[in-house]
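Just below is one structure, and these are the notes that go with it.
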Amino acid sequence: MQDEGAQYFADALRNNTTLTTLNLGINRIGNLGAQYLAGALQNNTTLTILNLSISHIENLGAQYLAWALQNNT
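Counting from 56, one number per residue, gives the positions in the sequence shown under the numbering used here.
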């Protein structure tokens with residue numbers, strides 16, 4: 056999966072009220088995909104485990120995700 060696929064998952068996560076675990080490990084998601092996911096995670100309180108290991112996310116993408124989790128409501 057690449058950034059475009061992450062965007063589809065992010066769109067689904069925005070309205071998620073049941074999914075608690077999402078494994079997106081071993082992928083080609085980069086900083087843009089992380090930004091998409093971060094936007095969804097900011098307002099998602101249902102998802103508690105997100106695996107993004109072995110991806111192409113760099114420091115910038117990690118910062119997007121960290122910011123989203125810090126501001127999660």
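Just so you know, even glycine gets a beta-carbon here, dropped at the ideal spot from N, CA and C.
For residue i, which beta-bridge partners are listed by DSSP?
i: N114; result: Per DSSP, none; premise fails for N114.
i: N106; result: N78
Could you give the distance in angstroms between the alpha-carbon of residue i and the alpha-carbon of residue j?
i: I104; j: T75; result: 6 Å
i: Q118; j: S108; result: 15 Å
i: A95; j: A123; result: 8 Å
i: L79; j: Q62; result: 12 Å
i: N116; j: E59; result: For clarity, residue 116 is Gly in the given sequence; the question names Asn instead. So the two alpha carbons sit approximately 15 Å from each other.
Under the three-state reduction of DSSP, which class applies to residue i: helix, strand or coil?
i: N86; result: helix
i: Q125; result: helix
i: Q97; result: coil
i: Q57; result: coil
Who are the Cβ neighbours of residue i in its own chain at under 6 Å, not counting the five residues just before and after it?
i: L120; result: A89 and A93
Tell me which residues share the same chain as residue i and place their Cβ nearer than 7 Å to its Cβ, disregarding the 5 neighbours each side in the sequence.
i: N82; result: M56 and S110
i: I112; result: I84, G85, N86 and A89
Can you find the residues in the same chain that come closer than 8 Å, C-beta to C-beta, to residue i, ignoring five residues on each side of it along the sequence?
i: L102; result: L68, N71, L74, T75, T76, L77 and L96
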